[in-house]
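Protein chains in written order, with my numbering: chain F, 1 to 227; chain B, 228 to 454. Read through the structure below, which is laid out as structure tokens, and then see the notes.
Number of protein chains: 2
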Amino acid sequence: METNPIKILIADDEPDIIEIISFHLTKAGFEVYTAKDGSEAIEQAQLHIPDCIILDIMMPKRNGFEVCEYLRSQKQFDKTLIVLLTALNDEASHIKGLELGGDDFVSKPISPKVLLSRISALFRRILPSTNDNKTIQVRDLIIDPVQYKTTLNGEIYTLAKKEFELLFLLAEQPGRVFLRNEILSQVWGNDVIVGDRTIDVHVRKIRAKLGVDCITTVKGVGYKFDY
Amino acid sequence: METNPIKILIADDEPDIIEIISFHLTKAGFEVYTAKDGSEAIEQAQLHIPDCIILDIMMPKRNGFEVCEYLRSQKQFDKTLIVLLTALNDEASHIKGLELGGDDFVSKPISPKVLLSRISALFRRILPSTNDNKTIQVRDLIIDPVQYKTTLNGEIYTLAKKEFELLFLLAEQPGRVFLRNEILSQVWGNDVIVGDRTIDVHVRKIRAKLGVDCITTVKGVGYKFDY
DNA sequence: GTGTCAGGTTATCAAATTGTTAACTAAATA
DNA sequence: TATTTAGTTAACAATTTGATAACCTGACAC
Numbered sequence: 001m002e003t004n005p006i007k008i009l010i011a012d013d014e015p016d017i018i019e020i021i022s023f024h025l026t027k028a029g030f031e032v033y034t035a036k037d038g039s040e041a042i043e044q045a046q047l048h049i050p051d052c053i054i055l056d057i058m059m060p061k062r063n064g065f066e067v068c069e070y071l072r073s074q075k076q077f078d079k080t081l082i083v084l085l086t087a088l089n090d091e092a093s094h095i096k097g098l099e100l101g102g103d104d105f106v107s108k109p110i111s112p113k114v115l116l117s118r119i120s121a122l123f124r125r126i127l128p129s130t131n132d133n134k135t136i137q138v139r140d141l142i143i144d145p146v147q148y149k150t151t152l153n154g155e156i157y158t159l160a161k162k163e164f165e166l167l168f169l170l171a172e173q174p175g176r177v178f179l180r181n182e183i184l185s186q187v188w189g190n191d192v193i194v195g196d197r198t199i200d201v202h203v204r205k206i207r208a209k210l211g212v213d214c215i216t217t218v219k220g221v222g223y224k225f226d227y
Numbered sequence: 228m229e230t231n232p233i234k235i236l237i238a239d240d241e242p243d244i245i246e247i248i249s250f251h252l253t254k255a256g257f258e259v260y261t262a263k264d265g266s267e268a269i270e271q272a273q274l275h276i277p278d279c280i281i282l283d284i285m286m287p288k289r290n291g292f293e294v295c296e297y298l299r300s301q302k303q304f305d306k307t308l309i310v311l312l313t314a315l316n317d318e319a320s321h322i323k324g325l326e327l328g329g330d331d332f333v334s335k336p337i338s339p340k341v342l343l344s345r346i347s348a349l350f351r352r353i354l355p356s357t358n359d360n361k362t363i364q365v366r367d368l369i370i371d372p373v374q375y376k377t378t379l380n381g382e383i384y385t386l387a388k389k390e391f392e393l394l395f396l397l398a399e400q401p402g403r404v405f406l407r408n409e410i411l412s413q414v415w416g417n418d419v420i421v422g423d424r425t426i427d428v429h430v431r432k433i434r435a436k437l438g439v440d441c442i443t444t445v446k447g448v449g450y451k452f453d454y
């Protein structure tokens, strides 16, 4: 569920190349950033943290190899795809580029269509592996058990442990009614004995904090997540 | 920590090509299987479930496109890398190959070294990333595990070993909550027994030294890096 | 209308958890 | 060995969380 557009940075000192690649990538729905030399490429990369960086090898200030090597030493660009472009199609630089951590190496003259399909092929491999967590998302409400974070309309709401666990339990199966007993054993554990009003109070706190009634009471039965 | 050798299947009708690629891949430590046509390629693939399949496009019985398409329709070859080889370097088949689910497309004449480094580049993406020492940068905060150095706004802050390791652990996965147990086993080791307050004290020292609260407490759960 | 029941609300207190400081110990360094 | 530095612990303070009691509200039956 990639909500944000995929960001691609193109670094090349030839404005024509930038323009033509940029045109095709934009048309394909990517968000495109550009840089005209190696230093600018690094600046832009740090600013936007793109998903893919297309680097010309022959560039002023810092060449593509240097930029590639630098980016690869940074944790934040771990998952960033790096595609190297070159006019010279020699074996040595091809290998060097890939050894420095490049993901692909494309020789000029560049066919925008081919470049696009190569990038797509790379993304096919990368994207699925990024969203493997157990985050629950229902419309604008995001419940992330890894971060212990609840987001509603982009705003972060801090729930206490029990509150979070209760909300998470219900939200895991939206619509399903959880009996009070189930909630107690799941959130509090089987051996803990707490009074009847305890659940209500926590439900109340969740409702109050989120400001939205995403928990519905089913009288005489229990509660369910409903949003 | 790959205990089993990586398996690669090569399918090409030219024995010379098979031999030379096979030689290089074997030398590089891969376990190599071969097939001389499309049907055999599928048989061998089903038999060995290789990690990577190199397919010549022009093959008897079933061509590379057909084999590629078939393999991609099978769940068991979801993660298998497919590299397509071709004598004809036309744009259309290049794009077609990638659209059918190929991961790379290499034109003949093939340089074994280039092929090898392309395959390696692809595997780098698929195989579980090794936890190597990479610089973490979040805005103005730079954490360099090689130099054991923390920089904030260009100023260098010297953290003690444990402090640094704790910060690094959290910062490797910003936002993720680390349970106290996780922190203990990662930073202190499984066999070392230290009190609960020890973590707090170190967190406090990091906060005090950096002057920025980049570590958030999640009460009852643990700590997370948040900056 | 009144009683009853299930749940909602609030305030309060107890318990759990974390923060802070200082003192002590171990390890590294000179 | 003396000195510094890092790491750990204990004791206590501060804070947060959770549980409960007491009371309120609304629905429904009679």
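Backbone N, C-alpha and C define an ideal beta-carbon position, used for all residues, glycine too.
Straight-line measurement puts the Cα of F/Leu84 at about 38 Å from the Cα of B/Lys388. When the alpha-carbon of F/Ile143 is set against those of F/Leu169, F/Ile119, F/Arg124, the nearest one is in F/Leu169.
The beta-carbon separation of F/Ile206 and F/Leu152, rounded to 11 Å, does not stay under the 8 Å limit for a contact. Under the 8 Å criterion on CB atoms, B/Ser338 is classed as interfacial with respect to chain F. Cβ-Cβ separation between B/Ile322 and F/Val114: approximately 6 Å, consistent with a contact (criterion under 8 Å). Spatial neighbours of F/Thr26 in its own chain (CB-CB distance under 8 Å, excluding positions within 5 residues in sequence) are listed in chain order as Val32. Leaving aside the five residues that flank F/Val187 on each side, the residues in its chain whose CB is nearer than 7 Å to its CB run, in chain order, Lys162, Glu165, Leu166, Leu169.
Under the Cβ criterion of 8 Å, F/Asp103 is counted among the residues facing chain B. In the three-state scheme derived from DSSP, where H, G and I count as helix and E and B as strand, F/Ile206 is classed as helix.
Interface flag for F/Glu66 against chain B is unset, since no Cβ pair is found closer than 8 Å.
Within the region 314-360 of chain B, the runs of beta strand (DSSP E) at least 3 residues long that lie entirely inside it are, in chain order, 331-334. Taking 4 residues as the minimum length, the alpha helix (DSSP H) runs contained wholly in the region 39-77 of chain F are 64-72, in order along the chain. Per DSSP, reduced to three states, the secondary structure at F/Gln137 is strand.
Under a criterion of Cβ atoms nearer than 8 Å, the residues of chain F adjacent to B/Ile322 are, in order, Lys113, Val114, Ser117. Proximity to B/Pro242 across B/Met286, B/Asn417, B/Ala272, B/Val365 peaks at B/Met286, based on C-alpha coordinates. DSSP places B/Leu236 inside the beta strand (DSSP E), whose first and last residues are 234-238. Collapsing the DSSP output to three states places B/Val421 in coil.
Sequence-distant partners of F/Thr217 (beyond 5 residues in either direction) whose C-beta falls short of 7 Å from its own C-beta, in its chain, are Tyr223. B/Glu399 is not bridged by DSSP to any residue.
In this structure F/Gln147 is in contact with B/Arg403, their Cβ atoms being roughly 6 Å apart against a cut-off of 8 Å. When Cβ pairs closer than 8 Å are counted between the two stretches, the region 340-354 of chain B is seen not to touch the region 259-272 of chain B, the count staying below three. Of all residues in the region 159-186 of chain F, those with a C-beta nearer than 9 Å to a C-beta of chain B are Ala160, Lys161, Lys162, Phe164, reading in chain order.
Looking at B/Gly265, B/Lys234, B/His251, B/Gly416, the one whose alpha-carbon comes closest to that of B/Asp240 is B/Gly265.
In the three-state scheme derived from DSSP, where H, G and I count as helix and E and B as strand, B/Thr307 is classed as coil. Here F/Asp200 carries a helix assignment [DSSP, helix/strand/coil]. Between F/Gln74 and B/Thr362, the beta carbon gap of about 5 Å places them in contact (Cβ cut-off 8 Å). Each residue's CA atom was taken as its position, placing F/Ser107 and F/Gly154 some 42 Å apart. In the structure shown, F/Lys36 adopts coil according to DSSP, grouped into three states.
Chain order gives the chain B residues near F/Lys75 as Lys361, Thr362, Ile363, Gln364, Glu399, where near means a beta carbon separation below 8 Å.
It is roughly 14 Å from the alpha-carbon of F/Arg197 to the alpha-carbon of F/Leu179.
Its chain contains Asp264, Gly265, Ser266, Glu267 as the residues whose beta carbon lies nearer than 8 Å to that of B/Lys288, once the 5 sequence neighbours on both sides are disregarded; these appear in chain order. With respect to chain B, the C-beta atom of F/Ser120 has a partner C-beta closer than 8 Å. A direct Cα-to-Cα measurement between B/Ile337 and B/Lys376 gives close to 45 Å. B/Gly324 counts as buried, since no fewer than 16 other beta carbons sit within 10 angstroms of its beta carbon.
Counting along the chain, no beta strand (DSSP E) covers F/Leu159, and no H or E run does either.
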